[in-house]
Amino acid sequence: MPMSYMPKAGMPSGALPMLILRVLQSGTLHGYAIAQRIHVLSSEVLGVEEGLLYPTLQKMLVKGWVTAEWGISETNRKVRFYRLTPDGRKRLKAELSDYDRVTQAIQNILRTA
Amino acid sequence: MGELFRRLRYLIHRRRLDAELENDMAFHREMAARAGRSNFGNTLRMREQAREAWGWTWLDRLGQDLRYGVRILARSPGFTIMAVLVLAIGIGVNVAAFTVFDVVALEPLPVRNPGSLVRLERRSPNAYTDGAPYTSLLFYQKNAKTLSAVMGVLGVPPMQVNDDIQQASASFITPNYFTELGTPAAAGRLFDPTRDGDPASAPSVVISYGFWQRRFGGDASVVGRIIHIDRKPATVIGVTPYAFASLGGQRPDIWIPMIQQPYFVEGSHTLTDPGDSAVRMWGRLAPDISAKTAGQELRALTDQLRRQNPKDIWDNEYIQISPCGHMQVMQPEMYQVAAMVAVLTLLILAVACANLGGLMLARAVTREREIGIRVAIGANRGRIFRQLCTESLLLAMLGALAGLALGSAVTQIALTKMDTPKWVTAAPDWRVLLFTVAVMFAAAIFFGLMPALQIARHRQHKTIARQILVGAQIAASCVLMIVAGLLVRATQHALYTDPGFGYRQMLSIDPHLGRHGYAPAAARAYFDQMQARLRATPGVLSVSLVKLPPLGHVVDRETTDIAGHKVLIYPNWVEPGFFQTMNIPILLGRTFYPREKNAVIVSQSFARQQWPNQNPIGQRLGDDDASKSIVVGVAGNAHINALSDDDATEQYWSAQPDDIPDMVVLARTAGTPDSLPPIAKSISESLDPKIFPEIRQLKLLYHDNISGIEKAAMAVSLIGLVAVLVAGIGIIGLVSFTVSQRMKEIAIRIALGARRGQVLSAVLRQFSWPVALGLVAGTAIAAAASRVLRIALYGISNLDPFSYAGAICVLVAIIAIAALLPARRALRVDLAKILHYE
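Chains as they are written, first to last, in my numbering: chain A, 125 to 237; chain B, -15 to 822.
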């Protein structure tokens, strides 16, 4: 049972909120589309299970980084679409710069050590 | 802020939002199924996990636990009622005690700005008095910048109103008294500094609401009427309100402006004599001034006063400032009493909690199956523990509610009995409610935590926990019973043994000559005649003079250091015949000669402590060479002004001519002195019609004094009995539980031919050592703690063996009954039925 909650190979811990924020930057998406987009954009390396996606989305809703609004899906079904808020944009910026700094540091070590 | 707000939104709309979340996930699965994937987890669990992000899971669980707890408690109403009752007693007693403390010491007086009111008292490192000279009061009033007002009250002996038989109590007050307190008048008007501060204004008085009702039947036309007080005409200008809150809880019938005092008490120098410390002082701190700042200023002012009249101000004198915006100005001794009462009532709570804890543990065994099932279907220990704690809290809440009701009811009764001021109510205020909540949590932790831990760890079969609880109950009950026993013994002792002086046939006649401005010679003449005429009265056996009469209004007290421990000394100034009149034996030496100088008579216990194994006669006493006095006699112990304190000692000095205006006549009669007061009154009348002597029967004062300890003994006995009963109920419960648990074993033993005694001892053995240990611990605690009681025990030792033995016997008897009643059931078992069971 617990295995199904784990992200698929290579999802660095803590990266999921950043990825969600990033894929929402270009427009509103519903939950399934978020998972799909991450999966596709990572060339099918990273997968997001709903057992991890929805708790993370709920946390982001409570934090105020995203809001949810009703929309119609491509299958003509009523579903919630998630939208980035200005707070979410700020957060994304901060996460990205943090991420850049850390990868830069790791790169430095890998190159020089 | 935004996040909290969103969280709250999620709490309020959680049903709708949960449905939306469910929809999201359902859609997700539909899409995944289309894409050809179908491995979903437990959807309910996933939704729960997602919801945890909202941060309200604990609330859901609490709700579940509460609902479950209510169901469990409702299913065993017997246990619930019993538990709530035990808790109600434990919590109620504490609530009642706290309410009284709250009313006395915490609740602000219903007057204007009570927080800045202060009591001002003269103090020095080795002297104190609760009064101050009026001249000093005026000085402070005029010069103190840190005080916005200084109020004074001069209490006087009861005064004669018109021709009433019953005298009325009266106080002289500074005219700002009512205006500073913001007191409205019930009728007419009250004093006002602009109209009543002038000695030339017409004599006026304000009467109390009670006096108005009692004496004048509430007649509104009393305002403006002229009444005679000690034969002086004065106009009634107003009535104080029904629920009047006064300073220091004073409630005289008649209030008179201070400035009129010389008019009503002819010849008095109280207002002009800087040595007459008769006026009690209160003040109001100026805005934003602390008591400390005011104290510094008053100390500087006191130094100025000393330069003006050096003989009347003590060395290092200062003014002690204590907040007095509530009913009672708390003295350190009163906090000691409060702490003692708190210990006793908390002991009851401890007994109640220990009791309930035992019951909970016993119940856990019957709940074993239920808890086993819950563990089996996935509840972890933490969750079980939380559930049990919720149940305890639920019980504690019910108990606290019942306790609050009980406590308020008891306080209501107590307050009406104690004749408290009318503004006092027993209705719980926020402090009492807060206290109740605190006690509730403390109780829940005390009775619920240990059982919950034990049960959650599956250790409920360990008897050690139950044994500890039994021991704790017994120890606490034991302390309560012993304290009750000591107080009962003290009451008995005070009522039925000789206090060392005669009081049954004694009368004190206090003409307050000093207050009427009598010079020593005139006072001597007055007393000589008064004594001669009293001696000539049939039935009068002996007459003498004393400065501080037994059980009087004024007590003089000093402490001295003898061989490292503090000894309380009550000095007095007497005429030679005092010892004979009071029936106090002179054990060694002789009594005084008239006006003898440099001679002192000490009490036996003082002599023993100061000069152990030496002849005290001829020893020297005194601070410096000039005033050193020689001991001429040793008198029997007679604590005439400290009845209850057997550690007190006395020193008597021969009255000098200057003392005579302050002396009081003592007369001993052959039979009851009932017929003497009118005679004494008429003698006084014929000697000086201005004088209205205060005539008091010692016997009545003595009984008043003892009724205090009698009430305390009754209250503590009652509390002790309640505790013992609660403990008894707990033991009954525990033993019957043990018996029912071991019924099969008992039946087998009986079937195999065990004798009844053996069976009984097998059942009861596990309780014998906790009971024994509890008794020993309780006795030890009582012995150690009762030392503070000594001052109130009228000479009973705090280790009095009778009290201890009596208390322990009663306790053991109750425990034995409580244990044997249910244990007998074990002997009457139906062997066949039990052995066939299962």
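By construction, the Cβ of each residue, glycine as well, lies at the ideal position given by its N, Cα and C atoms. Note that the coordinates shown come from a computational prediction; the quantities given were computed from them, not determined experimentally.
Chain-ordered chain B contacts of P179/A [CB-CB under 9 Å]: M30, Q33, A34, R35, E36, A37
Close Cβ partners of Q603/B (< 6 Å) along its chain, the five nearest in sequence each way excluded: W595, V615
Below-8 Å beta-carbon distance, H12/B vs any chain A residue: yes
Contacting residues, own chain, Cβ-Cβ under 6 Å from A169/B (five flanking each side not counted): G222
The stretch 350 to 365 of chain B touching the stretch 38 to 49 of chain B, judged by at least three CB pairs closer than 8 Å: no
Short Cβ contact (8 Å threshold) for P141/A with T199/A: no
W753/B burial status per 10 Å Cβ neighbour count (16 or more: buried): exposed
Beta-bridge partners of L340/B, as assigned by DSSP: L340/B is not bridged to any residue.
N78/B at chain A interface by Cβ criterion, 8 Å: no
F205/A, DSSP secondary structure in three states: strand
Anticipated Cβ contact below 8 Å, L340/B with A128/B, distance rounded: That pair is no contact at about 56 Å.
C-beta neighbour in chain B for R146/A, strict 8 Å: no
Q125/B versus M434/B, S628/B, G573/B, Y161/B, residue with shortest Cα-Cα distance: Y161/B
Rounded separation between G790/B and L471/B - CA only: 12 Å
Interface flag, E115/A vs chain B, CB-CB below 8 Å: Residue 115/A lies beyond the range of chain A shown here (125 to 237); nothing can be said about it.
Contact with chain B by P131/A, beta-carbon distance below 8 Å: Residue confidence for P131/A is low, a pLDDT of 44 falling below 50, so the modelled location carries little weight; the figure read from the coordinates is stated next. By this cut-off, P131/A is not an interface position.
Whole runs of the alpha helix (DSSP H) within the stretch 557 to 583 of chain B, excluding any shorter than 4 residues: 562 to 566
Any chain B beta carbon closer than 8 Å to K187/A: yes
Residue-chain proximity (K183/A, chain B), Cβ-Cβ < 8 Å: yes
Reference V584/B; option with closest CA among A229/B, T565/B, N597/B, K612/B: K612/B
Euclidean distance between Cα positions of R458/B and T374/B: This sequence places Ile at residue 458/B; Arg is not what is there. Looking at the two C-alpha atoms, the distance is approximately 28 Å.
Continuous alpha helix (DSSP H) assignments of at least 4 residues falling wholly in the stretch 496 to 564 of chain B: 504 to 519
Partners in chain A for R(-2)/B, counting only beta-carbon separations shorter than 7 Å: Here the premise fails: no neighbours, minimum Cβ distance about 11 Å.
DSSP three-state assignment for A494/B, whether helix, strand or coil: Here the sequence assigns Asp to residue 494/B, which means Ala is not the residue at that position. Looking at D494/B - three-state DSSP - the assignment turns out to be strand.
Straight-line gap, L571/B to F485/B (C-alpha atoms, nearest Å): 13 Å
CB contact check: E219/A to chain B, cutoff 8 Å: no
Short-range partners of chain B found in the stretch 191 to 208 of chain A, where Cβ spacing is below 8 Å: A192, S197, T199, R201, K202, V203, R204
Backbone secondary structure at L671/B - three-state DSSP: helix
L289/B classed as buried or exposed, judged by whether at least 16 other C-beta atoms fall within 10 angstroms: buried
Cβ neighbour criterion (16 or more within 10 Å) applied to C793/B: exposed
Uninterrupted alpha helix (DSSP H) stretches inside the stretch 187 to 243 of chain B (no shorter than 4 residues): 193 to 200
Short CB-CB distance (under 8 Å) between Y156/A and chain B: yes
From A322/B, S376/B, D296/B, residue whose alpha carbon lies closest to that of L71/B: S376/B
Rounded straight-line distance, which links the Cα of R31/B to that of F82/B: 49 Å
Those residues which DSSP pairs with G20/B across a bridge: Answer is none; G20/B lacks a bridge partner.
Exposed unless 16 or more other CB atoms sit within 10 angstroms - verdict on E91/B: buried
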